[in-house]
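At position 105 of the sequence shown the residue is numbered 105 (the UniProt record's numbering), and the sequence of numbers has no breaks.
Where is the CB? At the ideal position from N, CA and C, for every residue including glycine.
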Amino acid sequence: MKPGAVTILSSHEVIEYVKAVERWSSQPSINNVVVTEEREIRVYFIGLDSPNRSRTVKRLRSIQISSDLRLCSPVKCLELPLSARNFYAIVEDTCNGRVGIWSCTDTEIQKEENESMNATMPEGNIKKFDFPIFSVEISPTRPYDLLLINGDGGISLITNDLTRIRDEYNPPRSQTVRWCTLFSPKSSFLSSSFSSKDVILLTLSSSKLGDNSHSVGWLDFYHIRCKKGAVDLWASLQVEDEANFISCGFHPSLGQLSVIDQAGVWKIYRIHCYPGKNATPYIDKASGAIVLPLGGFLPFSLANHQTTQKKSLLEKQARDMISIRPLGYSYWALLGARKVNDTDVEHVLTIWDGIYFTLQTEHIVGVSERIKHVLASETLAYQLLSTPLESSHLILATQRSTPNSELMNITIHSCQYVSEKMTMLHAVDRMKYMVKYFGIDPNDRISGGQGFTRSGFDAVGHLDCTPPDFSQTILQNYKTTLTQLENLESHTLNNMLSSLNPDEFTKYFMEYVDTKTREAKQTFQIRYSLSERDMKIYEEEMMERVQVNGVKKRGVKRSNSDANGGVGKGDEEEDETMRNNGGKTDAKVSKNRFKAAMTPMLSHRFILTTLSKCFTRSAEGKPRSDFFSASVIKYLIEHNLLYDNAVDGGIIEALVALNNWHLLRLTVLSVRDISERSLISLIKHAIASSKKDHGKNLLLQRCLSLALCKPRNKMLMRYSLQELTVREMVDVFKTLVKWFGMSMKNEETKGGILIASNEQSMVERAQKNSLPRLEHILEFLSLLLDAHFTTVILSPSLHPFLTSLNEYTSSELSKCQLLQKLHGHLYDFHRKHVKRQKNKGEKKLARKAFVHTGGIEIPSYSIEVFKL
Numbered sequence: 001m002k003p004g005a006v007t008i009l010s011s012h013e014v015i016e017y018v019k020a021v022e023r024w025s026s027q028p029s030i031n032n033v034v035v036t037e038e039r040e041i042r043v044y045f046i047g048l049d050s051p052n053r054s055r056t057v058k059r060l061r062s063i064q065i066s067s068d069l070r071l072c073s074p075v076k077c078l079e080l081p082l083s084a085r086n087f088y089a090i091v092e093d094t095c096n097g098r099v100g101i102w103s104c105t106d107t108e109i110q111k112e113e114n115e116s117m118n119a120t121m122p123e124g125n126i127k128k129f130d131f132p133i134f135s136v137e138i139s140p141t142r143p144y145d146l147l148l149i150n151g152d153g154g155i156s157l158i159t160n161d162l163t164r165i166r167d168e169y170n171p172p173r174s175q176t177v178r179w180c181t182l183f184s185p186k187s188s189f190l191s192s193s194f195s196s197k198d199v200i201l202l203t204l205s206s207s208k209l210g211d212n213s214h215s216v217g218w219l220d221f222y223h224i225r226c227k228k229g230a231v232d233l234w235a236s237l238q239v240e241d242e243a244n245f246i247s248c249g250f251h252p253s254l255g256q257l258s259v260i261d262q263a264g265v266w267k268i269y270r271i272h273c274y275p276g277k278n279a280t281p282y283i284d285k286a287s288g289a290i291v292l293p294l295g296g297f298l299p300f301s302l303a304n305h306q307t308t309q310k311k312s313l314l315e316k317q318a319r320d321m322i323s324i325r326p327l328g329y330s331y332w333a334l335l336g337a338r339k340v341n342d343t344d345v346e347h348v349l350t351i352w353d354g355i356y357f358t359l360q361t362e363h364i365v366g367v368s369e370r371i372k373h374v375l376a377s378e379t380l381a382y383q384l385l386s387t388p389l390e391s392s393h394l395i396l397a398t399q400r401s402t403p404n405s406e407l408m409n410i411t412i413h414s415c416q417y418v419s420e421k422m423t424m425l426h427a428v429d430r431m432k433y434m435v436k437y438f439g440i441d442p443n444d445r446i447s448g449g450q451g452f453t454r455s456g457f458d459a460v461g462h463l464d465c466t467p468p469d470f471s472q473t474i475l476q477n478y479k480t481t482l483t484q485l486e487n488l489e490s491h492t493l494n495n496m497l498s499s500l501n502p503d504e505f506t507k508y509f510m511e512y513v514d515t516k517t518r519e520a521k522q523t524f525q526i527r528y529s530l531s532e533r534d535m536k537i538y539e540e541e542m543m544e545r546v547q548v549n550g551v552k553k554r555g556v557k558r559s560n561s562d563a564n565g566g567v568g569k570g571d572e573e574e575d576e577t578m579r580n581n582g583g584k585t586d587a588k589v590s591k592n593r594f595k596a597a598m599t600p601m602l603s604h605r606f607i608l609t610t611l612s613k614c615f616t617r618s619a620e621g622k623p624r625s626d627f628f629s630a631s632v633i634k635y636l637i638e639h640n641l642l643y644d645n646a647v648d649g650g651i652i653e654a655l656v657a658l659n660n661w662h663l664l665r666l667t668v669l670s671v672r673d674i675s676e677r678s679l680i681s682l683i684k685h686a687i688a689s690s691k692k693d694h695g696k697n698l699l700l701q702r703c704l705s706l707a708l709c710k711p712r713n714k715m716l717m718r719y720s721l722q723e724l725t726v727r728e729m730v731d732v733f734k735t736l737v738k739w740f741g742m743s744m745k746n747e748e749t750k751g752g753i754l755i756a757s758n759e760q761s762m763v764e765r766a767q768k769n770s771l772p773r774l775e776h777i778l779e780f781l782s783l784l785l786d787a788h789f790t791t792v793i794l795s796p797s798l799h800p801f802l803t804s805l806n807e808y809t810s811s812e813l814s815k816c817q818l819l820q821k822l823h824g825h826l827y828d829f830h831r832k833h834v835k836r837q838k839n840k841g842e843k844k845l846a847r848k849a850f851v852h853t854g855g856i857e858i859p860s861y862s863i864e865v866f867k868l
């Protein structure tokens, strides 16, 4: 993984897999719901299949609505207990013009997949209001209530059945809401001011100053008290000249407000708040707002086109032509149409660093198009969504109308992203690309401002409201610090490149990283005021906090009874809940932070130069091991400083060419962006090596076990498996069928598939060279059969393996059929029991019945069926 950057993994290879072209005439929705027609809403699921995190898109529901209603907002989805969910949308009656909220309840989630895809739901209910509704928001911590944001700035907390208003807030001034968002203060810059169970509503509105027609922007923070069910205005900030904007976003972790105005200028305001319950936020005017020009994007780049055409785009669809979204802990994602030349435009996704404001990466989505075709489209809109999981997936939605047709094309892209820690030196590596990206003249120091790069001063934007003395001081400090770092790095690289043997090369590298590690340690000590003795104790605690003698340490079990009225979970139960939900415990997070703080800060140029020296090639293109240093590569892997594309052709291919199987195993287990094609290439090389040397008969099993333990995309793995020949498939089938038989025997001896599969994680099994989990073996077998279905039928050499699989699965299929008969009855009983337990009156009756029955508790059943 490239340090200090956000990397997009294989998004262009997934486009055909998740592309959807539908007929529709309303705005695209969020929360995994896509609006396709005014009379029908089609619900899609876009998410991850645990445990391999493969991207899937499937249609779940079709909801019919009245033809007299027009959708005015995206559809929101609220997950409810008892396996139900509600859908909400703002609608307008075309007959009388009244605005209301359309709602529909879905209680058939537990049906089979084939049934749910064809399921059609009723039209739903309409709740009409006398005031204009701007948005409907769903609280992540209070699922029983909804937030209605009125067009005039009023806030209403209403029950999810739209029957009772719990609390209302009326603004003191006349204003018009333009944008709003909802976030939890738990992991935001307001974590010390609010409870983790509360919610903050942020709105950006415009209002006129007196009789003057000049409008100003207001940024309002509303505190939603989830326990009391109350809404309060916490703070209100004035944002000058931001009443008319095209796109807006807010990064809760950094406290940054991002606004794109109609002039094509992207402004990012820093919002700070002192710790404490009574503190109020303020906009940091000392450092000013970061200003980034976006003149290359539509519609700002239409200087050569007609003015009326550009004005029409700004008025009709400019608000949807650029979408911005906070990403990870410290990044921004921007999606829009960028002008390539006078005739073509391209859809591009750019990732920006929110700390140093540098362009990290850009990714072209789809192919280039003619500007005249884009302008001929009545609607062009972009939308960015991100899954709630950290370091997960980014959903890109692009929609545009087809010329001379009523059809609307909706294209949905799913791309995986991994965000790493951003440092100042990493940001400097990217600053030189920003000058070329913005198209600014480096010699123009006045209009563009100043920013420091490796080649000197270049114009990359400017700071608003910044005194000249303050700006020059900061730039001089940056220049002095970065010059020292640059000189030390250049001196080390010169010594490494002039080395005569790999031992001397390794010596210079280790001395440099040891120096950088000591600097990181000193910085950590100074930041937290730790002495040498305190630092040693802290290091021992961090190393022993999560793992002690190979056994995970749960921590001291202490109760949170004071905060929860005498009933609360201990740390052990909370950690177990976090693990079951795929999250990280506090101990694991603390250890990762300490490890990241102790990691030396190596620039992107230093890493690439080091790898190019290690993986040199001859004139014929063959790899040379003259300066290959296993210690250097191992260090980069263990400190998460190596990624797959850092070496020409991929790190897997380079290590395979050098026959270094020990580093290959470590690379597959540690590097996170290994492609599916590289995994299949590794298997092919293992098969070829096993044929040449019979002493390496276990090499294929080890490489295949590594391939099974890596998270992968099912569709891309299926395409990559097609590269296997029939002879190679015989070896793979032989190994997989052997593992399948051993897993079935283990399941019989240990008492069930669940016990056998949950003993160890995938990575732990691969590290210990133990048997892979049964479900992963079955999934890989399924993908292999899908990729070579015709080949398996027409190849007699593969038929004995099919016979063995049939013998292994015959008894399990009969068990599954028996459990399927019981599944419906047990689920109905369980659902009725849970519903009765939630009713207070029924609880009293249950307690009385408990006494009369002699203390026999009512059983609670839960069962899951595995289909083989």
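Helix, strand or coil at residue i [DSSP, three-state]
i, result
"TYR719", "helix"
"ILE158", "strand"
"THR790", "helix"
"PHE357", "coil"
"LYS128", "strand"
"LYS227", "coil"
"CYS816", "helix"
"residue 871", "Nothing about residue 871 can be read from this structure; the chain reaches only from 1 to 868."
"ALA707", "helix"
"PRO502", "helix"
Short Cβ contact (9 Å threshold) for residue i with residue j
i, j, result
"PHE134", "VAL177", "yes"
"TRP332", "HIS413", "no"
"ILE364", "ASP342", "no"
"PHE606", "CYS614", "no"
"MET496", "SER631", "no"
"ILE351", "GLU362", "yes"
"ILE637", "LEU666", "yes"
"LEU237", "ILE290", "no"
"VAL231", "ILE155", "yes"
Span separating the alpha-carbon of residue i from that of residue j
i, j, result
"ARG445", "LEU254", "In this predicted model, ARG445 has a pLDDT of only 37, less than 50, meaning its place in the structure is not dependable; the value taken from the coordinates is given anyway. When rounded, the distance between both Cα atoms is 29 Å."
"VAL259", "LEU292", "10 Å"
"VAL726", "PRO796", "10 Å"
"PHE183", "GLU168", "19 Å"
"MET744", "HIS776", "13 Å"
"GLU504", "THR203", "60 Å"
"CYS703", "SER690", "11 Å"
"THR159", "GLN360", "43 Å"
"GLN262", "TRP179", "15 Å"
"SER205", "ILE651", "51 Å"
"CYS709", "ARG718", "16 Å"
"LEU679", "ARG672", "12 Å"
"PRO140", "CYS77", "11 Å"
"ALA89", "SER247", "21 Å"
Per DSSP, cross-strand counterpart(s) of residue i
i, result
"ASN86", "LEU78 and THR105"
"CYS273", "PRO281"
"CYS248", "VAL259"
"residue 889", "Residue 889 is absent from the structure shown; the chain starts at 1 and stops at 868."
"TYR331", "LEU327 and ASP353"
Neighbour flag for residue i against chain E, beta carbons, 9 Å
i, result
"TYR512", "No chain E is part of this structure, which consists of one protein chain only."
Cβ separation of residue i and residue j, assumed to be a contact under 8 Å, to the nearest whole Å
i, j, result
"SER705", "PRO772", "5 Å"
"SER330", "CYS273", "Contact flag wrong, Cβ pair sits at about 18 Å."
"LYS507", "PRO600", "Contact flag wrong, Cβ pair sits at about 16 Å."
"SER804", "VAL737", "5 Å"
"LEU699", "ALA686", "5 Å"
The ligand MG heavy atom lying under 8 Å from the CB of residue i
i, result
"PHE606", "This structure does not include the ligand MG; it has no bound ligands of any sort."
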